[in-house]
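Those sequence lines, one after another, are chains S and B. Anchor point for the first sequence: position 229 equals 515 in my numbering, and the numbering is continuous, going up by one each time. Anchor point for the second sequence: position 332 equals 618 in my numbering, and the numbering is continuous, going up by one each time. All C-beta atoms, glycine included, are put in the ideal place defined by N, C-alpha and C. The structure appears below as structure tokens.
Number of protein chains: 2
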Amino acid sequence: MPDSPVLQIKPPSPELAAKIANTIRFLSADAVQKANSGHPGAPMGMAEIATVLLTRFLRIDPKDEKWSNRDRFVLSSGHACMLLYSMLYFQGYLTLEDLTNFRQLGSRTPGHPEYGEVPGVEATTGPLGAGFSMAVGMSIGERMLAETYNTPKFDVVDHFTYVLMGDGCHMEGITNEAASLAGHLRLGRLIVLYDDNHITIEGDTSLAFTENVGQRYEALNWHVQHIDGHDCQAIAQAIEAAQSETTRPSLIVARTIIGKGAPTKAGSHHVHGAPIGDAEIAAGKAAIGFPNQPFYVPPEVAEYFEVRRGELHALRQDWNQLFGEYEKKHRSSARELIRVLSGELPKQWKKAVPEFPSDKALASRSSGGQIMNKLGTVLPELVGGSADLAPSNNTEIKTGASPDFIGPGSFLGRNIHFGVREHAMGGVLNGLALHGGFIPYGGTFMVFHDYMRGAVRLSSLMRLRTIFVYTHDSFYVGEDGPTHEPVEHLAALRALPRLHVWRPADANEAIYAWQAAIERRDGPSVLALTRQNLPTLDRNAFAPARESLKGMYILWSTLGKPLDVLIVATGSEVHLGLAVAKALAEEGRGVRVVSAPCLEAFALQPEGYRKKVLPRRPRKRLVLEAGIIQGWEGIMGETGLFVGMDDFGISGPANQVAAKLGFTPEAVLTKIREAGW
Amino acid sequence: MPDSPVLQIKPPSPELAAKIANTIRFLSADAVQKANSGHPGAPMGMAEIATVLLTRFLRIDPKDEKWSNRDRFVLSSGHACMLLYSMLYFQGYLTLEDLTNFRQLGSRTPGHPEYGEVPGVEATTGPLGAGFSMAVGMSIGERMLAETYNTPKFDVVDHFTYVLMGDGCHMEGITNEAASLAGHLRLGRLIVLYDDNHITIEGDTSLAFTENVGQRYEALNWHVQHIDGHDCQAIAQAIEAAQSETTRPSLIVARTIIGKGAPTKAGSHHVHGAPIGDAEIAAGKAAIGFPNQPFYVPPEVAEYFEVRRGELHALRQDWNQLFGEYEKKHRSSARELIRVLSGELPKQWKKAVPEFPSDKALASRSSGGQIMNKLGTVLPELVGGSADLAPSNNTEIKTGASPDFIGPGSFLGRNIHFGVREHAMGGVLNGLALHGGFIPYGGTFMVFHDYMRGAVRLSSLMRLRTIFVYTHDSFYVGEDGPTHEPVEHLAALRALPRLHVWRPADANEAIYAWQAAIERRDGPSVLALTRQNLPTLDRNAFAPARESLKGMYILWSTLGKPLDVLIVATGSEVHLGLAVAKALAEEGRGVRVVSAPCLEAFALQPEGYRKKVLPRRPRKRLVLEAGIIQGWEGIMGETGLFVGMDDFGISGPANQVAAKLGFTPEAVLTKIREAGW
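This is the structure:
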């Protein structure tokens, strides 16, 4: 499909373009005024940019917000959401009434753009830099799908990814990480408009931000242009130049006046985050000849977009025809593309991973890597990488279609070198998931979750199928010491709503953890995997590993004795629990060991099952986990014991650290005896 | 004090310098070999840089690692710690035996540099970029003290801050944030040596990192030089040029060969993170004429440093003399400088803050800001700022000495515009605390703790007195919606070992929260403050606010009735708890309300007190907090009720959101009745 000639048919006259911009400007001001809350300055300042994007560039289908080849548009400065909502109104996704309900409970126009809640919003934004990083992920995804599925005659994937961002986004570290990666990969279809308004919340950007942003992006291998952000012609030319530059992402530094259109407040930080006032709005409208009427849309603006939406829908129909021909000529590619975009899994995919025999000890990072590789043979949509720890995380897929690394300008592959950029990795994974066509995963040491927590939170909030592979999940890291030993991380991860945290006890539990993460459609999953070897349990002697899908299950029990001690453990500590159980059983006591790989999955089980696994009696409940107690008190009950940690770890050989911290059967048995059990 | 002429007296001959570098190189290789764990490549590659710093530049006192005017040296690539430990050995802080115990349990040479555990280590490093950001903080601190306390005749504070860092640090977002801030502030005494070895864990940097780092730093207003990192003369000249450049921080891009000295493995990622092998070491030593003897130190190298340490100590004595004269001429400045460097507080400082009257409702972010301002009048060491949210966080100190903002090249002030750089802010705060002379604080919205969690963890691990001011602490943020509403953050913060989390219920509890944070010498504190107004409790009717220092206290009880319902709440929910208690009391029931501003402080109270506040009976325990249940189950017990959240927040006016989520007395009372209480 040639690049958007249809879109050039009827650019509005300069007068009409100005009117559209002013309409957007005051729709935003009016909505903030009515809500008595919000950010009018940036939308008013970016009104011309929005106008040019809407009238000349953005390829979307007004009748199908989910069209796979739509241009992606991300407002990274999410606080400026009234700009986006105004755009979505003209695109046909929101109504004027929606705009009047800005920031109200239950409205489709919340205080920041929310993916899944607002039609046409491509990503939840607000935390600065996040939107930009997700757009980088979308742009990577577009190229990966294009190079995998397009043919010389059929560019069925060829959209652009547009981003609007402000100074705040540029100050955030995640943005530099993502920009460095985007420049490295030469993402020629990523076009970023920078709302360079020189104003932040504390005042002029000269207070804290005096770097040369354009020069920085040039150093990051970007194509950089500088324009007047209120000159529609200049904006259009810059975007065309950016489209023509196919080997580098583009940054268009658009000098704007924040709050432009507000007669006395424009250009100051007072217009950033509060309503500008009725008088200011009235004077502003008077100056441009608008009636003083809230949410006013001039009839010619409404008419223009009516026609425009028709054009855009026709364009989509052209694509449908193209895709129809593609389907005929390339049946299996088309079928696969449709499937991966739908998020559905192929039949029989679970059979790709046979269970591990029990004769070999394996670190769960190793079994996890093997499982992922087997899944890779049947799931081409499984793509990802590591933040420069692939050899340690075992996150390279060496099998299946295109088992290569993507690289600069080359996207036929499934492995990504993210570099030491955890936060951007998280954003890119989210962007891949949002784009569609992928089940993305990313690895790092669990302790460095801290560097990417913002992205994991957004993934949870958006309910994305993103998989975070966190290896080196406890003090068993050993010599690297407390900076590298997770202590509070399992608790901190479980604290995140909608996130499922899996900590398998052996290679076979790891199979089902991976399976659950892939099957889950309503949120992200963490796989917490060990650095150190774990025995592979003999499932003839223990409950089937498949039971672990229930989150908790009875792994082993003494027979024929009343239950006296109930042991609950996760991951590597399951083996410690089994050793303790065995010792207690040898003393003639009734013992049960519950393996608890995923508390969130367990919470979803029927009450009957939960009560069966964790009956109210016995009162002697022992919980084992190489982390803090937080989150376990409910399961322990008031009379339970906890073997875990309450301070940071120590540097030393792992087994010595374990002994020092009391993670031996002897130490646990001593604790049990001291408790009078 | 003129710039270090003494240090130039005896630069070693080129031959001796080479021998020193080779000694450092193989001490590192030997230690990793013996430990069978660690990172030999970077230390071997940076051996000449370390040699030049040790022999020509670093001003330290071998007999007093805590000398206030010592040069600060931070190894940001902490995994290369054997380089640092070799340096500390030559500086006299570690013994050769310490080096042989590298990475062993209980040794003074853990797997990453640990502040407080290893003499001479200025900052715990390992998480990449963190060390660099802390060095930026140290350099800011040096200038702030210098401009405050130096006089034309007496430069009692005039040290340099040196950093070694690698590619990994440069890829991390925190580094760009901190570098942008450092360039903005024109930190002329910050000198960074970049170990540009082109190798990362996954392979060559060309796999993921092809930006022009030097050009990026130029865009960030840095002075940038490029040298051969194995040429001692070039290194020395570059550092001299960096010292001469007083208006910009300096980046010296030193091209090095990772693992230099390893005959077959040098220059590859195989030398990054694993022992290079006995044979490789033997061959390497043979090539430079060293005996094949582990931990070999040539006698002339040992002799050289013996003399060197004497010189350095003499230099310190010169400074002592200078300071003695300064003390005579500027008695009160000297006394204050000594005091702030000691970390001791002035007498009577607590009297600066009178309690608030109960006639006015105040958001705790407002009362917090007022308290901080009053403390500022008596504590010149209290300095900080916000990540571009000062007007919302109320974190500007407008009173006391030098109530200005520091700015480019101008450091006589106490307020810092951090820009939208949360993670770097955290690092800078830690650096200020590590430097000494400051009680640093930093503000942002609580939800953006996620962006700086790595820094808060390091603060906790290092037990620094850093204060994190997190306002907008719940869904009462309202219209900004779920991206801006903390839900899991209180739990995630409490999960961090050694961190104290304060969530005051009113203006007067906020006084004691601030007081506790300032008085605490063994770790950081969080102040969780509200956006919305809170009533100021009339302390004639309720327990004294001072009781809140105990972490939990009985705020109010019915009299003369057996205790039936025990209510525990924090922050804004204390008022909800009181309303519920009042309703229950009116029904004739015995009720107690416990305010729980700090669970960690409570845990430190004597058992008797804790049992008094939270007796085993009654069984009806109601916990109220606008966050998740995690961490409360132990206090609730098995029969308790929790009023909180289990999912993300919603956008809408705060009180409507509260009603929707069940945070009204009516909704809580209904819940109580449904529970059959």
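Inter-residue Cα distance where the pair is Gly268/B and Phe418/B: No answer is possible for residue 268/B: the residues shown for chain B start at 287 and end at 963.
Local conformation of Tyr371/B per DSSP, three classes: Here residue 371/B corresponds to residue number 85 of the second sequence, with the count starting at 1. It is helical.
Cutoff 9 Å: Met420/B Cβ touching any chain S Cβ: Position 134 of the second sequence, counting from 1, holds the residue named residue 420/B. Among the CB atoms of chain S, none fall inside 9 Å of the CB of Met420/B.
Under 9 Å (Cβ pairs) to chain S, residues found in the region 340-366 of chain B: Result list: Gly364 and His365.
For Asn716/B and Leu965/B, believed in contact at Cβ under 8 Å, the rounded distance: In the structure as shown, chain B starts at 287 and stops at 963, and residue 965/B therefore has no counterpart that could be examined.
Positions along the region 293-310 of chain S whose CB lies within less than 9 Å of some CB in chain B: Within the region 293-310 of chain S, no residue qualifies.
Other residues of its chain near Tyr839/B: CB distance less than 8 Å, five sequence neighbours each side excluded: Here residue 839/B refers to the residue found at position 553 of the second sequence. So the list reads Ala829, Glu833, Val880, Ser881 and Val899, once near-sequence residues are dropped.
Boundaries of the beta strand (DSSP E) in which Thr447/B is found, first to last residue: For this step, residue 447/B is matched to residue 161 along the second sequence. Thr447 to Gly452 is the span of the beta strand (DSSP E), which, as asked, contains Thr447/B.
Partner residues on chain S for Lys957/B, Cβ-Cβ distance less than 8 Å: Within the second sequence, the letter at position 671 stands for residue 957/B. What Lys957/B touches in chain S: nothing, since even the nearest Cβ is about 18 Å away.
Closest Cα partner of Pro580/S within the set Glu774/S, Asp933/S and Thr309/S: Position 294 of the first sequence holds residue 580/S. Taking only the C-alpha atoms, the option nearest Pro580/S is Thr309/S.
Thr757/B (DSSP reduced to helix, strand or coil): For this step, residue 757/B is matched to residue 471 along the second sequence. For Thr757/B, the secondary structure class from DSSP, reduced to helix, strand or coil, is strand.
Beta bridge counterpart(s) of Arg878/B as assigned by DSSP: Here the question's residue 878/B lines up with position 592 in the second sequence. Ser843/B and Leu852/B.
Inter-residue spacing [alpha-carbon to alpha-carbon] between Gln377/B and Phe591/B: In the second sequence, the residue the question calls residue 377/B occupies position 91. In the second sequence, the residue the question calls residue 591/B occupies position 305. Distance between the alpha carbons of Gln377/B and Phe591/B is about 8 Å.
Exposure of Gly926/B, with buried meaning 16 or more beta-carbon neighbours within 10 Å: Here residue 926/B refers to the residue found at position 640 when the second sequence is read from its first residue. Burial of Gly926/B is indicated by the presence of at least 16 other C-beta atoms within 10 angstroms of its C-beta.
Any 3 or more C-beta pairs closer than 8 Å across the region 679-693 of chain B and the region 781-788 of chain B: A contact is defined here as three or more CB-CB pairs under 8 Å, and the region 679-693 of chain B fails this definition with respect to the region 781-788 of chain B.
Any C-beta of chain S under 9 Å from that of Asp289/B: For this step, residue 289/B is matched to residue 3 along the second sequence. Model confidence at Asp289/B stands at a pLDDT of 46, short of 50, so the residue's coordinates are unreliable; what they give is reported in the following sentence. Interface annotation, Asp289/B: not in contact with chain S, CB-CB separation never under 9 Å.
Proximity test, Cβ basis, 9 Å: Tyr737/B and chain S: Position 451 of the second sequence, counted from the start, is the residue given in the question as residue 737/B. Yes, because at least one Cβ of chain S sits closer than 9 Å to the Cβ of Tyr737/B.
Closer than 9 Å to chain S by CB, Pro677/B: Here residue 677/B refers to the residue found at position 391 when the second sequence is read from its first residue. At least one CB atom of chain S sits nearer than 9 Å to the CB of Pro677/B.
Cutoff 9 Å: Pro768/S Cβ touching any chain B Cβ: Indexing the first sequence from 1 puts residue 768/S at position 482. In terms of beta-carbon proximity, Pro768/S lines the interface with chain B, with at least one pair separated by less than 9 Å.
Closer than 9 Å to chain B by CB, Cys884/S: As a first step, residue 884/S is located in the first sequence; it is residue number 598 there, counting from the start. By the rule that beta-carbons nearer than 9 Å mark a contact, Cys884/S does not touch chain B.
Straight-line Cα distance separating Pro632/S from Met658/S: By one-based count along the first sequence, residue 658/S stands at place 372. By one-based count along the first sequence, residue 632/S stands at place 346. So the two alpha carbons sit approximately 16 Å from each other.
contact_flag[the region 436-447 of chain B, the region 731-740 of chain S] where n(CB pairs < 8 Å) is 3 or more: Touching, no, given that fewer than three Cβ pairs across the two stretches are closer than 8 Å.
Gly364/B classed as buried or exposed, judged by whether at least 16 other C-beta atoms fall within 10 angstroms: Within the second sequence, numbered from 1, the residue matching residue 364/B stands at position 78. With 16 or more neighbouring CB atoms inside 10 Å of its own CB, Gly364/B falls in the buried class.
Cutoff 6 Å; reference Asp316/B; Cβ partners in own chain excluding five residues on either side: By 1-based counting over the second sequence, the position of residue 316/B is 30. Close CB contacts of Asp316/B within its chain, under the 6 Å cut and outside five residues either way in sequence, are with Pro580 and Phe581 (chain order).
Rounded distance between the beta-carbons of Glu400/B and Gly767/S, thought under 8 Å: In the first sequence, residue 767/S corresponds to position 481, counting from 1. In the second sequence, residue 400/B corresponds to position 114, counting from 1. Contact flag correct, Cβ pair sits at about 7 Å.
Residue(s) in a DSSP beta bridge with Ser696/B: Here residue 696/B refers to the residue found at position 410 when the second sequence is read from its first residue. Within the DSSP bridge table, the entry for Ser696/B names Gly693/B as partners.
DSSP-derived helix/strand/coil call for Gly392/B: Taking the first residue of the second sequence as 1, we reach residue 392/B at position 106. Gly392/B falls in the coil class under three-state DSSP.
Cα-Cα separation, Arg583/B to Ile306/B: Position 297 of the second sequence, counted from the start, is the residue given in the question as residue 583/B. Position 20 of the second sequence, counted from the start, is the residue given in the question as residue 306/B. For clarity, residue 583/B is Val in the given sequence; the question names Arg instead. So the alpha carbons of these two residues sit roughly 9 Å apart.
Met424/S versus Arg356/S, Glu383/S and Pro643/S, residue with shortest Cα-Cα distance: On the first sequence, position 138 is the one that residue 424/S refers to. Among Arg356/S, Glu383/S and Pro643/S, the Cα nearest to that of Met424/S is on Arg356/S.
C-alpha distance - Ala647/B paired with His325/B, whole-angstrom precision: Within the second sequence, the letter at position 361 stands for residue 647/B. Within the second sequence, the letter at position 39 stands for residue 325/B. In a straight line, the C-alpha of Ala647/B is about 57 Å away from that of His325/B.
Unbroken stretches of the beta strand (DSSP E), 3 residues or longer, contained in the region 766-843 of chain S: The region 766-843 of chain S is shown to contain whole beta strand (DSSP E) runs of 3 or more residues at 786-788, 811-814 and 839-843, in chain order.
Phe761/B versus Ala638/B - alpha carbon distance: Position 475 of the second sequence, counted from the start, is the residue given in the question as residue 761/B. Position 352 of the second sequence, counted from the start, is the residue given in the question as residue 638/B. Cα to Cα, Phe761/B sits roughly 33 Å from Ala638/B.
Assigned secondary structure, Leu890/S (DSSP; H/G/I helix, E/B strand, else coil): To locate residue 890/S, count along the first sequence from 1; it is residue 604. In this structure, Leu890/S counts as coil in the three-state DSSP scheme.
Sub-9 Å separation of Gly713/B and Ile460/B beta-carbons: Counted from its first residue, the second sequence places residue 713/B at position 427. Counted from its first residue, the second sequence places residue 460/B at position 174. For Gly713/B and Ile460/B, yes; Cβs fall inside 9 Å.
Where Tyr612/B falls: helix, strand or coil (DSSP): Here the question's residue 612/B lines up with position 326 in the second sequence. In the structure shown, the three-state DSSP call for Tyr612/B is helix.
Closest Cα partner of Glu433/S within the set Thr395/S, Tyr375/S, Phe697/S and Ile936/S: Here residue 433/S refers to the residue found at position 147 when the first sequence is read from its first residue. Per the Cα distances, Phe697/S.
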